[in-house]
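A.B. asks: Heads up, our numbering is the position in the sequence shown plus 130, with the first residue counted as 1.
Ideal Cβ positions, reconstructed from N, Cα and C, are used throughout, including at glycine.
Quick one: this structure, given as structure tokens, is what I'll be asking you about.
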Amino acid sequence: MIIAIDGPAASGKGTIARQIAAAYGLHHLDTGLLYRAVAKALLDAGHSPDDPARAAEAATMLDPERFDENALKSQSVTDAASVVAAIPEVRQALINYQREFATKPPGAVLDGRDIGTVIAPGADVKIFVVASPEVRASRRTLEMRSRGEMVDEKEVLADLLRRDARDSRRTAAPLKAAPDAHLLDTTHLGIDAAFRAAVDIIEAVRAGRKRR
Ligand code: CDP
């Protein structure tokens, strides 16, 4: 079973994806980490994140087994990630890894922006997770503060909106719901309720398949 979970920044897709993978015994890939790792490689080498040749080269050299998740979550990497993610050569260089991951037995949950549309258009279940910008900013602020970062919620909101705009307007695999994706609005849902809503969607899709 392949489950595609897409959505804008801090919508809750990562938490849902992790919990769904654990509940169903599937592999989980947070595909945002791939773009973040490309961005970090460029920043560490002193290059600009909008350099297509260097970004594509960094993408082909990635070793996802060695990711340091904490270092990939910093604000500078986050911002640069959405810049490298708009470069078609970068996306192309990362497609095979993601598709192979998705087909590893017994199946996988992938979360990102283009899983249901580009990486796994044939996924068994597609969920598009949304939440209001204010709620997303408040969740991301708490998350960053729990990592010891001093952040201002208004700035976090501005960053989310800037990234959403960049991710939605780009021509290469823009952030958008696949036509057959199920919308899950987590604005008024806590972590448990969001997880249960996702399970309900998955079970409804599976039940529908069996009936056919
Ligand atoms: O956790 P958050 O939703 O804030 O970010 P993320 O999922 O780690 O993604 C970071 C950036 O990578 C996004 O702003 C996108 O530009 C890019 N990304 C993408 O283009 N395609 C994906 N499948 C995943 C992430």
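So, do the segment 315-334 and the segment 270-284 have three or more beta carbon pairs nearer to each other than 8 Å?
C.D. replies: Result no; under three Cβ-Cβ pairs closer than 8 Å.
A.B. asks: DSSP beta-bridge partners for V260?
C.D. replies: Taking the sequence shown and counting its residues from 1, the one referred to as residue 260 is at position 130. Paired residues: D315.
A.B. asks: For G237, does the three-state DSSP call read helix, strand or coil?
C.D. replies: Start at 1 with the first residue of the sequence shown, and residue 237 comes out as number 107. If DSSP states are grouped into helix, strand and coil, G237 belongs with coil.
A.B. asks: To the nearest angstrom, report how far apart I135 and G155 are at their CA atoms.
C.D. replies: The residue labelled residue 135 in the question sits at position 5 within the sequence shown. The residue labelled residue 155 in the question sits at position 25 within the sequence shown. Those two C-alpha atoms are separated by around 16 Å.
A.B. asks: Looking only at DSSP bridge pairs, what is H157 linked to?
C.D. replies: Counting from one through the sequence shown, the residue named residue 157 turns up at place 27. A238, per the DSSP bridge assignment.
A.B. asks: Per the DSSP calculation, D174 is bridged to which residue(s)?
C.D. replies: Counting from one through the sequence shown, the residue named residue 174 turns up at place 44. For D174, which the question treats as bridged, DSSP gives no partner whatsoever.
A.B. asks: Starting from the Cα of G252, find the closest Cα among A311, A324 and D209 and give me that residue.
C.D. replies: The residue given as residue 252 occupies position 122 in the sequence shown. Of the candidates A311, A324 and D209, the one whose C-alpha sits nearest the C-alpha of G252 is A311.
A.B. asks: In three-state DSSP terms, what is A134?
C.D. replies: By one-based count along the sequence shown, residue 134 stands at place 4. Note: A134 maps to strand in three-state DSSP.
A.B. asks: Measure from the alpha carbon of A215 to the alpha carbon of each residue in A307, F197 and R293, then state which is nearest.
C.D. replies: Taking the sequence shown and counting its residues from 1, the one referred to as residue 215 is at position 85. Out of A307, F197 and R293, R293 has the C-alpha closest to the C-alpha of A215.
A.B. asks: Using a Cβ-based criterion (distance less than 7 Å to any ligand heavy atom), does A139 qualify as near the ligand CDP?
C.D. replies: In the sequence shown, the residue the question calls residue 139 occupies position 9. Flag set: Cβ of A139 near the ligand CDP.
A.B. asks: Would you call R243 buried or exposed, if buried means 16 or more other Cβ atoms sit within 10 Å of its Cβ?
C.D. replies: In the sequence shown, residue 243 corresponds to position 113, counting from 1. Flag for R243 reads buried.
A.B. asks: Report yes or no: do the segment 167-185 and the segment 195-215 share at least 3 C-beta pairs separated by less than 8 Å?
C.D. replies: They touch, by the three-pair rule.
A.B. asks: For E199 and P309, I'd like the C-alpha separation in whole angstroms.
C.D. replies: As a first step, residue 199 must be located in the sequence shown, where it is residue number 69. As a first step, residue 309 must be located in the sequence shown, where it is residue number 179. Going from the Cα of E199 to the Cα of P309 covers about 32 Å.
A.B. asks: Looking only at its own chain, which residues have a Cβ that is under 8 Å from the Cβ of R229, when we skip the five neighbours before and after it?
C.D. replies: As a first step, residue 229 is located in the sequence shown; it is residue number 99 there, counting from the start. Cβ neighbours of R229 beyond the five flanking positions: I249 and A250.
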